[in-house]
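*Asks:* For the sequence shown, the positions run 268 to 384 when my numbering is used.
Positions of the beta carbon are idealized from the N, C-alpha and C atoms, including for glycine.
This is the structure, below, for whatever I ask next.
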Amino acid sequence: MRALPGQRALAREELTELLEESIRETVSFDSHESMLLTNILGLRDITAMDVMVPRADIVSVDITDGHKTIFRTIIEANHSRVPVCKVSLDEVLGFLHIKDVARTMRQDTDNSDKPGD
């Protein structure tokens, strides 16, 4: 943070104290905003290494897997989203959220319940 000429920058500790005081007063921020700001201040102490998953432990699905297989894989891994790959992790096409899989499976079920034309 850069201070304006003639002013000193707020130290991290001062900023933390101001945020905590504002949160206690509950006038400045709602609970969601308070949580976001508090988490932002905590990011300084987190490195990429802290949140990395070893390649061997990454759970992914193949683009050719069926909905049921994908859904089961996500559930068993206890994740909300997984990378979608073409053959291997070297070709990640994107990420898939379990909500999208569940929605598609439900639509497929709803469509199969309709009488044919």
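#1: Going by other Cβ atoms of all chains shown within 10 Å of its Cβ, with 16 needed for buried, is residue 356 buried or exposed?
#2: Which first and last residues belong to the beta strand (DSSP E) in which residue 362 is found?
#3: Which ranges does the beta strand (DSSP E) cover as unbroken runs of at least 3 residues, wholly within the segment 319–359, from first to last along the chain?
#4: If I measure Cβ to Cβ from residue 371 and keep anything under 7 Å in the same chain, skipping five residues before and after, which residues do I get?
#5: Quick check on residue 377: does DSSP put it in helix, strand or coil?
#6: Which of the three DSSP states is assigned to residue 384 in this structure?
*Replies:* To lay it out plainly:
#1: Residue 356 is exposed by the Cβ-count criterion.
#2: Annotation: the continuous beta strand (DSSP E) that includes residue 362 extends over 355–364.
#3: Within the segment 319–359, the complete beta strand (DSSP E) segments at least 3 residues long are 348–353, listed from N- to C-terminus.
#4: Exclusion of the five residues before and after residue 371 leaves 334 as the residues of its chain whose Cβ lies within less than 7 Å of its Cβ.
#5: Collapsing the DSSP output to three states places residue 377 in a helix.
#6: Below a pLDDT of 50, predicted positions are generally treated as unreliable, and residue 384, at 45, falls in that range; no measurement from the model is reported.
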